[in-house]
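Below you'll find the structure, written out as structure tokens, and then a few comments.
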């Protein structure tokens with residue numbers, strides 16, 4: 148009898164795989180309220196083996212935010228189902244726009260414009276916002292992109308786009324290359340991360356600080372978000388990757 152699972156694996160391994168994850172260390176960009184990561188050697192090969200101690204905020208490097216990160220009485224990281232972490236991937240390219248206007252918020256109209264070109268976004272998808280912000284890594288100052296007044300200039304998701312995607316298109320999760328879901332300008336105006344709260348309020352997750360979205364098609368790839376399973380965690384560094392169609 149043919150083993151369909153092994154056949155599927157053989158097919159997947161014949162495709163191109165794209166790493167969507169930054170490697171990180173103590174020098175890597177991070178949310179300004181967090182301390183840099185600390186990585187200490189506990190034992191080295193003179194002791195017979197290499198072992199290290201890692202200390203960092205859960206939301207460090209390319210990471211997955213669980214619903215509980217913002218929303219009380221929702222799921223922790225370890226409660227996410229495995230099948231939620233593997234999804235069809237949609238990549239919406241706004242990289243040229245980000246060069247011209249780093250303060251933009253991606254809107255519902257922008258979603259509709261994408262669909263005019265690529266067709267309707269399918270239910271159950273993971274939708275990633277490509278801004279090429281990841282090309283500023285590993286510079287903290289470049290990632291923050293402050294203006295003369297000291298305000299971050301970083302693009303992000305608009306609340307109307309998120310509501311449309313989750314409520315009308317029934318997507319499953321989102322991702323982006325920046326520190327936060329919302330644009331820095333929207334955060335200042337609202338004094339809150341309304342977009343991020345909304346996403347996590349849907350009892351789902353998001354992936355932040357993604358990279359290599361420029362290597363992916365608008366549709367057809369599949370994303371895997373492989374994350375550790377600490378108990379009762381609000382988020383953790385993730386190894387996200389995509390398999391090309």
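Residue numbers (this note's numbering): 148 to 392. For glycine and all other residues, C-beta sits at the position ideal for the given N, C-alpha and C.
Simplified DSSP state of residue i, which is helix, strand or coil
i: residue 293; result: strand
i: residue 330; result: coil
i: residue 169; result: coil
i: residue 196; result: coil
i: residue 157; result: helix
i: residue 179; result: coil
i: residue 336; result: helix
i: residue 242; result: helix
i: residue 235; result: strand
i: residue 206; result: coil
Close-in-space but distant-in-sequence residues of the same chain around residue i (CB under 7 angstroms, 5 per side omitted)
i: residue 292; result: 249, 299, 300 and 301
i: residue 215; result: 221, 222, 223 and 381
i: residue 320; result: 234, 273, 351, 352 and 353
i: residue 265; result: 365 and 366
i: residue 368; result: 236, 389, 390, 391 and 392
Assigned exposure category for residue i - 16 Cβ within 10 Å defines buried
i: residue 206; result: buried
i: residue 327; result: buried
i: residue 199; result: exposed
i: residue 294; result: exposed
i: residue 176; result: buried
i: residue 180; result: exposed
i: residue 306; result: buried
i: residue 194; result: exposed
i: residue 258; result: buried
i: residue 318; result: buried
i: residue 189; result: exposed
i: residue 336; result: exposed
i: residue 284; result: buried
Nonlocal neighbours in the same chain, by C-beta distance under 6 angstroms from residue i, ignoring five residues either side
i: residue 185; result: 202
Indicate whether the contact test is met: 3 or more Cβ pairs, each with one atom in the segment 311-325 and one in the segment 270-283, closer than 8 angstroms.
yes
Are three or more beta carbon pairs between the segment 190-209 and the segment 348-361 nearer than 8 angstroms?
yes
Quick one: any contact between the segment 249-260 and the segment 329-337, if contact means 3 or more CB pairs under 8 angstroms?
yes
Write down every uninterrupted run of the beta strand (DSSP E) in the segment 262-310 whose length is 3 residues or greater and which is fully enclosed by it, in chain order.
273-277
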